[in-house]
Amino acid sequence: MTQPRAGFLLTRHWRDTPQGTELSFWLATDDGPLQVTLPPQESVAFIPEAQRAQAERLLQGEKGLRFAPLALKDFHRQPIVGLYCRAHRQLMRLEKMLRDSGVTVLRRRYPPAGALSDGALYHRPGVGGRRNARLAAGQRAHEAEP
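The numbering of the sequence shown is our numbering, which starts it at -3 and goes up by one.
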């Protein structure tokens, strides 16, 4: 296992793969640049539970998505559901389609990648773990094979 290191986030990128969306980050650390890549996963957006039926009707016929109930609430304490897609590009297209039809889509919006290097970053993230570790489905990070 590598030692935890602190660093400043320089860039973030996403890439759609057949297995899901891969997230990659470059950090500036005291030891030089560090790339952190997360394994492919589904991209998610959040929709108020009250608008789920409307969203399902609008997205009827779309492939590669699923809705899932979540034990989460929005800032108005209303229940929300997750809209999951294997491809981030598809999720962005569906979000626009839903918003254009009046469905509220709750998803954190990040600034463009270039904005991360303009001095507007205040949090110094830390990273630690095993180098090139692989997780199997249902496995916890501390159980990963190196």
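In this text, a Cβ means the ideal position worked out from N, Cα and C, and glycines have one as well.
These figures come from a predicted structure and were not determined experimentally.
Three-way DSSP call (helix, strand, coil) for residue i in this model
| i | result |
| --- | --- |
| alanine 49 | helix |
| aspartate 12 | strand |
| lysine 59 | coil |
| arginine 182 | It is not possible to answer for residue 182, since the shown part of the chain is limited to -3 through 142. |
| arginine 1 | strand |
Sequence-distant residues of the same chain with beta carbon closer than 8 Å to residue i, five excluded per side
| i | result |
| --- | --- |
| serine 20 | Arg8, His9, Trp10, Arg11, Gln31, Val32, Thr33, Leu34 |
| arginine 85 | Asp12 |
Nearest-angstrom Cβ-Cβ length linking residue i and residue j, presumed shorter than 8 Å
| i | j | result |
| --- | --- | --- |
| phenylalanine 207 | glycine 78 | The displayed coordinates of the chain run from -3 to 142. Any statement about residue 207 would go beyond what the structure contains. |
| alanine 83 | threonine 17 | 7 Å |
| leucine 61 | tyrosine 80 | 7 Å |
| leucine 6 | alanine 51 | Not really, about 35 Å apart at Cβ, beyond 8 Å. |
| leucine 90 | glutamate 38 | Wrong, their Cβ atoms sit about 13 Å apart, outside the cutoff. |
Same chain, Cβ closer than 7 Å to residue i, five either side skipped, listed in chain order
| i | result |
| --- | --- |
| proline 44 | Asp70, Gln74, Ile76, Thr100 |
| proline 36 | Thr13, Gln15, Gly16, Thr17, Glu18 |
beta-carbon residue i near the ligand GTP non-hydrogen atom, thresh 8 Å
| i | result |
| --- | --- |
| lysine 69 | Of the ligands one can find in the structure shown there are none, so the ligand GTP has no counterpart to examine. |
Margin query: Just to confirm the assignment: which complete beta strand (DSSP E) runs, minimum length 3, are found wholly within the stretch 16 to 40?
Written below: 16 to 25, 28 to 37
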